[in-house]
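*Asks:* Structure provided below as structure tokens; questions to follow.
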Amino acid sequence: MDRYQSFARSGLGRFVVGKLGLPDPYPLRRHSPGKPPLDGPVLIGGDGRLVDPLHAAAKSAGLTVADGTSSGERYGALVFDASGIDSVERLRELHEFFAPVIRSLGPCGRVVVFGTPPEQAESQVAQRALEGFTRSVGKELKRGGTAQLVYVGPGGEDAIESTARFLLSGRSAYVSGQVVRIGPADVEAPRDWDRPLDGKVALVTGAARGIGAAIAEVLGRDGATVVCLDVPAQGDELSAVANRVGGTALQLDITAPDAPARIAEHLGRRHGGVDVVVHNAGITRDRTLGKMDAGRWDAVVAVNLASQERVNEALLAADALRPNGRIVGVSSIAGIAGNVGQTNYATTKAGVIGMVDSLSRRLAGRATVNAVAPGFIETRMTAAVPLFIREAGRRMNSLSQGGLPVDVAEAIAWFAHPASAGVNGNVVRVCGQSLLGA
Ligand SMILES: NC(=O)c1ccc[n+]([C@@H]2O[C@H](COP(=O)([O-])OP(=O)(O)OC[C@H]3O[C@@H](n4cnc5c(N)ncnc54)[C@H](O)[C@@H]3O)[C@@H](O)[C@H]2O)c1
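Note that numbering that gives the first Met the number 0 has the sequence shown beginning at 0, numbered continuously upward.
Next up, the structure:
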């Protein structure tokens, strides 16, 4: 809990926050092993082709499905299958389902609407309309609630479980107002949903600290052998992370000319290949454009974008990415909204989105390529931001707080999941529904 959040939770704080209409950050319910995914039953509505798969996924995930008959029930989630809405008139089914029950959603509750990708739907207009609905619900929810829209393409019905488990749990605590797409895929359920990455090898760049260290920890928790990469100057911190997650440390500057070949060689020789590649290493060198020297521009492009492209190509050329592989980029809301003083950084983070677009098509069927776009995450990077700007960044989202590195890591673990084979070409913001770039 940050200092403002503790104050807002105190007796006096509650009074002041209420009177002045100040942001009211609710403590988010995050995943912890052994704790039920949600704090209450799920109510499932709608009557499209996803109702049965949704019931099956909820059951498999250990969620209780409410029958909607008992009054006064507090729901952990409200899920609506809108995939069959084939006319604008039928959009009123959203209102019919949600309006009577939305106030019965408990703290940190989840709203998830499932639809059909507009371009594949009977009514493109009606399906596209679902976005405005869910994003507004996300802004209306109080007390840590989140809302998302999931478009499931024809043939993707049996590929929804990993996504349903992610969104209907504390793993997605800081994800709200997002649109996710799931395409057709042959999905095999993991033997153990608590260790879906057992037997898999993951590479995480920039793993010595911050978000990268959290990614290594979460992928390790999920069963992966994690190769933790960072610059030699971070050697001690890197070894500490690698030891903690039972992985190995690879000291390397990813911008070095021989880095891609060394990475491909290391993964091939030591591990027989790699299943999950997470391009997390990133730097900022902020200046407004007129004051930005070429050195700052070049350094940011080299670390955040060029090296990632080169590493991908080297891994593909060496055939080191194993079947059902995963490539995950780390973009930023700055790459979507743009940001003063960050022309270089935002260029690279928008480039990461381009990498997702092009590579996800090129590798379709043999690997998935997705990215997270974090908003304000509490790390050393954001601790260095001047106080006033930092406080604004932290509060300017629907959850009125910054996210934690683990929130980004959980989203990456969902992309990395072997059952997420239908989740390809997505850029999902982990930003508490930030107002920037919304
Ligand atoms: N913190 C945020 O709020 C935020 C928001 C949006 C996006 N991001 C992105 O998330 C990623 C991680 O950010 P963070 O806040 O944890 O940053 P951080 O500075 O704490 O960690 C970045 C790590 O990358 C490593 N690294 C830098 N250059 C490298 C190179 N040439 N070779 C190998 N490793 C290198 C660093 O040594 C460091 O350990 C970055 O891509 C960043 O742009 C962060």
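Note that the Cβ used here is the ideal one computed from N, Cα and C, for glycine as well.
Could you say which of 66, 230, 401, 241 lies nearest to residue 2 if we only look at CA atoms?
*Replies:* As a first step, residue 2 is located in the sequence shown; it is residue number 3 there, counting from the start. Closest by alpha carbon: 401.
*Asks:* What does the alpha-carbon distance come out to for the pair residue 182 and residue 292?
*Replies:* Start at 1 with the first residue of the sequence shown, and residue 182 comes out as number 183. Start at 1 with the first residue of the sequence shown, and residue 292 comes out as number 293. Residue 182 and residue 292: Cα-Cα distance of roughly 43 angstroms.
*Asks:* For residue 416, does the count of other Cβ atoms within 10 angstroms reach 16, so buried, or fall short, so exposed?
*Replies:* One-based indexing of the sequence shown puts residue 416 at position 417. It counts as buried.
*Asks:* If contacts are defined as beta-carbon pairs under 8 angstroms, then residue 41 and residue 75 qualify, I think. What distance do you get, rounded to the angstrom?
*Replies:* Position 42 of the sequence shown, counting from 1, holds the residue named residue 41. Position 76 of the sequence shown, counting from 1, holds the residue named residue 75. Confirmed, Cβ separation roughly 6 angstroms.
*Asks:* So, at 7 angstroms on beta carbons, what are the nonlocal neighbours of residue 298 in its own chain, with the 5 sequence-adjacent residues on each side left out?
*Replies:* Position 299 of the sequence shown holds residue 298. Result list for residue 298: 282, 284, in chain order.
*Asks:* What's the C-alpha gap between residue 92 and residue 252?
*Replies:* Residue numbering aside, residue 92 sits at position 93 when the sequence shown is read from its first letter. Residue numbering aside, residue 252 sits at position 253 when the sequence shown is read from its first letter. Their backbone Cα atoms lie some 54 angstroms apart in a straight line.
*Asks:* Suppose the cutoff is 8 angstroms on Cβ atoms and the five residues either side in sequence are ignored; what does the same chain contact list for residue 53 look like?
*Replies:* Reading the sequence shown from its first residue, position 54 is the one you call residue 53. Answer for residue 53: 43, 78, 80, 113, 159, 163, listed in chain order.
*Asks:* Bridge partners for residue 433 per DSSP, in chain order?
*Replies:* As a first step, residue 433 must be located in the sequence shown, where it is residue number 434. Paired residues: 396.
*Asks:* Would the C-beta of residue 177 count as close to ligand 1, meaning under 7 angstroms from any of its heavy atoms?
*Replies:* For the purposes of this step, residue 177 is identified with residue 178 of the sequence shown, where counting begins at 1. No, since every heavy atom of ligand 1 falls outside the 7 angstroms radius drawn around the Cβ of residue 177.
*Asks:* Have a look at residue 177 and residue 30 and give me their C-alpha separation to the nearest angstrom.
*Replies:* Counting from 1 along the sequence shown, the entry for residue 177 is found at position 178. Counting from 1 along the sequence shown, the entry for residue 30 is found at position 31. Roughly 19 angstroms between the two C-alpha positions.
*Asks:* Does at least one heavy atom of ligand 1 sit under 7 angstroms from the Cβ of residue 259?
*Replies:* As a first step, residue 259 must be located in the sequence shown, where it is residue number 260. Flag unset: Cβ of residue 259 not near ligand 1.
*Asks:* Here's the rule I'm using: 16 or more other beta-carbon atoms within 10 Å means buried, otherwise exposed. How should residue 242 be labelled?
*Replies:* Reading the sequence shown from its first residue, position 243 is the one you call residue 242. Counting Cβ neighbours within 10 Å, residue 242 comes out exposed, since fewer than 16 surround it.
*Asks:* Taking the alpha helix (DSSP H) that residue 358 belongs to, which residues open and close that run?
*Replies:* Counting from 1 along the sequence shown, the entry for residue 358 is found at position 359. Its alpha helix (DSSP H) spans residues 342–361.
*Asks:* Going straight from the alpha carbon of residue 354 to that of residue 188, what length do you get?
*Replies:* As a first step, residue 354 must be located in the sequence shown, where it is residue number 355. As a first step, residue 188 must be located in the sequence shown, where it is residue number 189. Using only the alpha carbons, I get a separation of about 28 angstroms.
*Asks:* Throw me the rounded Cβ distance for the residue 106 and residue 38 pair, which I believe falls under 8 angstroms.
*Replies:* Taking the sequence shown and counting its residues from 1, the one referred to as residue 106 is at position 107. Taking the sequence shown and counting its residues from 1, the one referred to as residue 38 is at position 39. Indeed they touch by this definition, with Cβ atoms about 7 angstroms apart.
*Asks:* Roughly how many whole angstroms lie between the Cα atoms of residue 394 and residue 434?
*Replies:* As a first step, residue 394 is located in the sequence shown; it is residue number 395 there, counting from the start. As a first step, residue 434 is located in the sequence shown; it is residue number 435 there, counting from the start. C-alpha separation (whole angstroms): 10 angstroms.
*Asks:* Relative to the C-alpha of residue 425, which candidate in 404, 329, 375 has its C-alpha closest?
*Replies:* Sequence index remark: in the sequence shown, residue 425 carries index 426 (1-based). Out of 404, 329, 375, 329 has the C-alpha closest to the C-alpha of residue 425.
*Asks:* Which first and last residues belong to the alpha helix (DSSP H) in which residue 129 is found?
*Replies:* To locate residue 129, count along the sequence shown from 1; it is residue 130. 123–139 is the extent of the alpha helix (DSSP H) around residue 129.
*Asks:* Taking the continuous alpha helix (DSSP H) assigned at residue 332, which residues delimit it?
*Replies:* Within the sequence shown, residue 332 is the residue found at index 333, counting from 1. First-last for residue 332: undefined, no H or E at that position.
*Asks:* Hey, is the stretch 371–387 in contact with the stretch 400–414, meaning 3+ C-beta pairs nearer than 8 angstroms?
*Replies:* Yes: the two stretches touch, three or more of their Cβ pairs being nearer than 8 angstroms.
*Asks:* Rounding to the nearest angstrom, what Cα-Cα distance links residue 157 and residue 45 in this structure?
*Replies:* Counting from one through the sequence shown, the residue named residue 157 turns up at place 158. Counting from one through the sequence shown, the residue named residue 45 turns up at place 46. Rounded to the nearest angstrom, the two C-alpha atoms are 18 angstroms apart.
*Asks:* Please find out if some non-hydrogen atom of ligand 1 comes closer than 7 angstroms to the beta-carbon of residue 385.
*Replies:* As a first step, residue 385 must be located in the sequence shown, where it is residue number 386. Flag unset: Cβ of residue 385 not near ligand 1.
*Asks:* State yes or no: is the C-beta of residue 331 nearer than 7 angstroms to some heavy atom of ligand 1?
*Replies:* Working through the sequence shown from its first residue, we reach residue 331 at position 332. For ligand 1, at least one heavy atom lies less than 7 angstroms from the Cβ of residue 331.
*Asks:* Between residue 2 and ligand 1, is there a pair consisting of the residue's CB and a ligand heavy atom that are separated by less than 7 angstroms?
*Replies:* Here residue 2 refers to the residue found at position 3 of the sequence shown. Answer for residue 2: no, Cβ out of range of ligand 1.
*Asks:* Is any heavy atom in ligand 1 found nearer than 7 angstroms to the beta carbon of residue 211?
*Replies:* As a working mapping, residue 211 is identified with position 212 in the sequence shown. True, at least one ligand heavy atom lies under 7 angstroms from that Cβ.
*Asks:* In chain order, which alpha helix (DSSP H) runs of at least 4 residues are fully inside the stretch 236–321?
*Replies:* Here the runs fully enclosed are 258–270, 293–300, 306–316.
*Asks:* As a quick exercise: from 262, 151, 198, pick the residue whose alpha carbon is nearest that of residue 49.
*Replies:* Position 50 of the sequence shown, counted from the first residue, corresponds to residue 49. Of 262, 151, 198, the residue nearest in Cα terms is 151.
*Asks:* By the DSSP assignment, the alpha helix (DSSP H) with residue 3 in it spans what residues?
*Replies:* Position 4 of the sequence shown holds residue 3. Its alpha helix (DSSP H) spans residues 2–8.
*Asks:* Buried or exposed for residue 132, going by 16 or more other Cβ atoms inside 10 Å?
*Replies:* Reading the sequence shown from its first residue, position 133 is the one you call residue 132. Residue 132 comes out buried.
*Asks:* Does ligand 1 have even one heavy atom less than 7 angstroms from the beta-carbon of residue 228?
*Replies:* Within the sequence shown, numbered from 1, the residue matching residue 228 stands at position 229. Residue 228 Cβ: within cutoff of ligand 1.
*Asks:* DSSP three-state call for residue 113: helix, strand or coil?
*Replies:* Position 114 of the sequence shown, counted from the start, is the residue given in the question as residue 113. Correct three-state label for residue 113: strand.
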